[in-house]
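Take 0 as the starting number for the sequence shown in numbering that gives the first Met the number 0 and just add one per residue.
From the three backbone atoms N, C-alpha and C, an ideal C-beta is built for every residue, glycine too.
Read the structure below first, then the notes.
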Amino acid sequence: MSNVNVYKQRPAEIAGQSPLHHAGLHELAGKGRKGAGVTLREKKLLGHLVLRGDADDAEFAGGVHKALGLELPVALTLVANGDTSLQWLGPDEWLLIVPGGSELEVERKLREALDGQHISVVNVSGGQTLLELRGPKVRELLMKSSSYDVHPNNFPVGKAVGTVFAKSQL
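Next comes the structure, spelled out in structure tokens:
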């Protein structure tokens, strides 16, 4: 296993908070216009890990599969199994989303399976969250909030991209 320093990242006396805890989303729930066509839900306190490695290296891909049970996704896609998903961010970078509280164990499994390889696993859980948008007006909301072309021909279901949404990086 890699020779790394491991620090106590989750002291028992500290409660986890979403990066949006200050926004008061729970207080706004149900106060929106009925029939607005968009429902927003924060999927908070999930584990977020950024994984970097050589996608062309069969040993790397095999180690990821051994640790996660997932294949590396190809460009602009994601793969999922239950509550775990792996999204392509770039040619050598992926975002792994896991159930909250399991991120340290998942990181340990990745490091063990990829031992001796040139990789990076970074826990970015505290600075990210997921927003789930549903409803018939979601595409309109995305069109107004992002410069990315969300036309169905360019942005089909299952495509994963990074962009700016209402001045926030996604």
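Length of the line joining the Cα atoms of residue i and residue j
{"i": "tryptophan 93", "j": "glycine 62", "result": "14 Å"}
{"i": "glycine 157", "j": "threonine 76", "result": "6 Å"}
{"i": "aspartate 91", "j": "lysine 33", "result": "44 Å"}
{"i": "arginine 133", "j": "asparagine 4", "result": "42 Å"}
{"i": "arginine 138", "j": "alanine 112", "result": "40 Å"}
{"i": "glycine 15", "j": "leucine 24", "result": "16 Å"}
{"i": "serine 84", "j": "lysine 65", "result": "15 Å"}
{"i": "alanine 35", "j": "glutamate 58", "result": "49 Å"}
{"i": "lysine 143", "j": "glutamate 131", "result": "17 Å"}
{"i": "alanine 79", "j": "leucine 69", "result": "7 Å"}
{"i": "phenylalanine 164", "j": "serine 145", "result": "5 Å"}
{"i": "aspartate 148", "j": "asparagine 2", "result": "44 Å"}
Neighbourhood of residue i by C-beta distance below 8 Å, restricted to the same chain and skipping five residues each side
{"i": "serine 101", "result": "Gly46"}
{"i": "glutamate 106", "result": "Leu48, Val120, Asn122"}
{"i": "alanine 159", "result": "Pro72, Leu75, Thr76, Leu77, Gln86, Trp87"}
{"i": "alanine 54", "result": "Ala60, Leu71, Pro90, Asp91"}
Sequence-distant residues of its chain with Cβ nearer than 7 Å to residue i (five each side left out)
{"i": "proline 98", "result": "Leu45, Gly46, Asp82"}
{"i": "alanine 74", "result": "Trp87"}
Residues that residue i bridges to, as DSSP identifies them
{"i": "glycine 126", "result": "None, per the DSSP bridge assignment."}
{"i": "histidine 47", "result": "Ile96"}
{"i": "alanine 66", "result": "Partner(s): none; alanine 66 has no beta bridge."}
{"i": "glycine 89", "result": "Glu92"}
Test: residue i CB closer than 8 Å to a CB of chain B
{"i": "aspartate 55", "result": "The structure shown contains no chain B, having only a single protein chain."}
Expected contact under 8 Å - CB spacing of residue i and residue j to nearest Å
{"i": "leucine 129", "j": "lysine 30", "result": "Not quite, the Cβ-Cβ distance comes to about 22 Å (not below 8 Å), so this is no contact."}
{"i": "leucine 50", "j": "leucine 103", "result": "The Cβ separation is near 15 Å, so there is no contact."}
{"i": "glycine 52", "j": "isoleucine 118", "result": "4 Å"}
Cβ-based burial, residue i [other Cβ within 10 Å; buried from 16]
{"i": "proline 72", "result": "buried"}
{"i": "lysine 126", "result": "Here the sequence assigns glycine to residue 126, which means lysine is not the residue at that position. So glycine 126 counts as exposed."}
{"i": "serine 27", "result": "It is worth fixing the name first, because residue 27 is leucine in this sequence and not serine. Counting Cβ neighbours within 10 Å, leucine 27 comes out exposed, since fewer than 16 surround it."}
{"i": "glycine 115", "result": "exposed"}
The ligand ADP heavy atom lying under 7 Å from the CB of residue i
{"i": "arginine 107", "result": "Among the components of this structure there are no ligands whatsoever, and the ligand ADP is therefore not found."}
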